[in-house]
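Worksheet: the structure to be examined is printed underneath.
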Amino acid sequence: MWKHFLSRLPKKSVKSESVDSGRGNSGLQGPNASSNLGPGRPNSAPRRTSSVVFPASVIAGIEPLISFKDVPSSEKMNLFISKLSLCCVDFDFRDPTKNVAEKELKRATLFELLDFVSANPPKFSEPAILALCKTCAVNLFRVFPPNYRSNNSHASENDDDEPTFDPAWPHLQIVYDLLLKFVTSSSLEAKVAKKYINHQFILKLLDLFDSEDPRERDCLKAILHRIYGKFMVHRPYIRKSISNVFYRVVFESEKHNGIAELLEIFGSVVTGFALPLKEEHKIFLSRVLIPLHKPKSLGIYFQQLSYCITQFIEKDPKLASPVIRGLLKYWPITNTQKEVMFLSELEEILDVINMAEFQKVMVPLFWRIGCCISSYHFQVAERALFLWNNDQIVNLIAHNRHVILPIIFPAVESNAQNHWNHAVQNLSLNVRRMFSEMDDVLFLACHSHYKEEQEKINLEAEKRKEAWEQLETAASLRPPVAGNIAVLVTPLATSITC
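Numbering (this note's numbering), first residue to last: 517 to 1014.
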């Protein structure tokens, strides 16, 4: 009976130790590191190969493993480990003519592994989890070559150079898909996998976000988001590690390719924060997200950053006034493109702010908006005047018009009379008319005060002009200065209002 039962099992094959086969005997070890030959397979095919890693220097003669459908269910996990060991071989994809057959074999094996993980296999054993993590580490974790644009002082968000694409991407994409399916699989127990998908593994994944290939960053974004959702024990560490990346961008490099993707992950994380918000999350907002407005490369990740901040304010409306103060602190003075972005973000914040928080910051806020309205750059002035197209903002202004109108009126009136751009002039006239309809008495009082101030300014200008004329006349009557006599020249003191 036993003899009859054993005769039905696939026969084992001897490990190949031939030098001609091109295999090394170092790699993943474990009691489950084995695989069975299916019926009809030649005896020369390897059966137990999970302890074999094929070094990159010895790549000739790699033999394919048997298919999952040719082994019983009890041996599929062992075959899974064996195939993962086969995929630990690293090839040079910079030369497409080198090791073509071996690369295709590895690619086909990776597709087999992907199909196996996607088909809801049995619970992954610890050796299987270790083998997959090691395979992903061997294939994915790498140091990127130095990028000349990172050290270029003229590099900015408008850099038109094409990103550098990894020639191994068709191969890397399958490994990323395999890791994503593995992390999201119901067959993976987080309590077991957390020992292998650990802090070091997560840190290596975060390092890969600096890849110039947007396809790779999209894959990493999906994987890290799933890891954050599945491994609750790692959530604080992931948030802290992402914060460290942001700190480096703000205070050191000002350049990182994956900031937009990391902010996109954090945007979805913020929506899941419980109320009231922890102090840790408020510190992240004030010390990380708000200073991220400082780098010149803001345009690359502005939308994701603005979304994160809006999510914070929707969670806790009391954060609106600290955020606005932070924006005023980092407000760009000479970068008009960033000014337009800041104004756009201000509109989103003012759209959800409550009256109490608005009143805390309305004076410095509209002083800055008045400076933007007076800007000679028409896009800045135009974007600032577009704020009056928002009904929520107009309602906030109307309720606090006695404070806001005296601050903003000089800029609006000056634009309506003197601005060089006709579109800005027309928008200023529209805002002027809205103020007149809102409170005609206050409008006339502000207009009268503006005229008085303009008369004082004109009078001071005339006095200054007469004083200079007198000095020039007196200087012309004196004999010319001869020799090397030093002349003290005092610079004209000017006051900068914006």
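Note that CB positions come from ideal geometry on N, CA and C, so glycine has one too.
Residue i versus residue j - alpha carbon distance
i, j, result
"Gly540", "Gln827", "The predicted model places Gly540 with a pLDDT of 35, which falls under 50 and marks its position as unreliable, so this point remains unresolved."
"Val765", "Leu805", "11 Å"
"Met878", "Arg841", "10 Å"
"Leu791", "Phe632", "41 Å"
"Lys967", "Ala961", "10 Å"
"Glu988", "Glu969", "29 Å"
"Asn615", "Asp586", "27 Å"
"Thr850", "Leu945", "26 Å"
"Ile909", "His915", "10 Å"
"Ala776", "Leu821", "8 Å"
"Ile597", "Glu873", "58 Å"
"Phe789", "Phe858", "26 Å"
"Lys639", "Lys650", "18 Å"
"Ala738", "His772", "18 Å"
"Asn636", "Lys834", "46 Å"
"Val761", "Asn905", "38 Å"
"Pro643", "Lys622", "21 Å"
"Phe747", "Lys845", "37 Å"
"His687", "Ile718", "21 Å"
"Val896", "Ala977", "28 Å"
Reduced DSSP category for residue i - H, G, I as helix; E, B as strand; rest coil
i, result
"Arg980", "helix"
"Asn655", "helix"
"Tyr892", "coil"
"Ser631", "The amino acid occupying residue 631 in the given sequence is Asp; Ser does not appear at that position. Three-state DSSP puts Asp631 in a helix."
"Ile582", "coil"
"Lys771", "coil"
"Ile869", "coil"
"Ser560", "Reliability fails at Ser560, whose pLDDT of 36 lies under 50, so the model's placement of it is uncertain and the value that follows must be treated cautiously. Three-state result, Ser560: coil."
"Lys810", "coil"
"Phe640", "coil"
"Phe596", "helix"
"Asn946", "helix"
"Thr787", "coil"
"Leu793", "coil"
"Ser666", "Confidence at Ser666 is low in this model, with a pLDDT of 48, below 50, so the placement of that residue should be treated as unreliable; the coordinate-derived value is given next. Note: Ser666 maps to helix in three-state DSSP."
"Asp907", "helix"
"Phe858", "helix"
"Phe951", "helix"
"Asn974", "helix"
"Lys614", "coil"
"Pro588", "coil"
Counted within 10 angstroms of its Cβ, other Cβ atoms place residue i as buried (16 or more) or exposed
i, result
"Ser813", "buried"
"Val868", "exposed"
"Pro995", "exposed"
"Asp693", "buried"
"Arg949", "exposed"
"Phe681", "exposed"
"Ile924", "buried"
"Ile889", "buried"
"Asp536", "Note that Asp536 has pLDDT 36, beneath the 50 cutoff, so the model's placement of it is unreliable and the number below is only indicative. Per the 10 Å Cβ criterion, exposed."
"Arg899", "buried"
"Val691", "buried"
"Thr625", "buried"
heavy atom of the ligand ATP below 7 Å from residue i C-beta
i, result
"Thr826", "Annotation note on the ligand ATP: not contained in the displayed structure, which lists no ligands."
Range covered by the alpha helix (DSSP H) that runs through residue i
i, result
"Ile849", "From DSSP, Ile849 is part of no alpha helix (DSSP H); its letter is neither H nor E."
"Arg755", "Arg751 to Arg764"
"Phe725", "Per DSSP, Phe725 belongs to no alpha helix (DSSP H) and is neither H nor E."
"Gly815", "Leu814 to Lys831"
"Val708", "Ala706 to Ala709"
"Met748", "No alpha helix (DSSP H) contains Met748, which DSSP labels as neither H nor E."
"Leu805", "Here Leu805 belongs to no alpha helix (DSSP H), and DSSP marks it neither H nor E."
"Thr700", "Trp685 to Thr700"
"Pro926", "Arg917 to Asn934"
Closer than 8 Å to chain D by CB, residue i
i, result
"Leu719", "Annotation note: the requested chain D is absent from the structure, which comprises a single protein chain."
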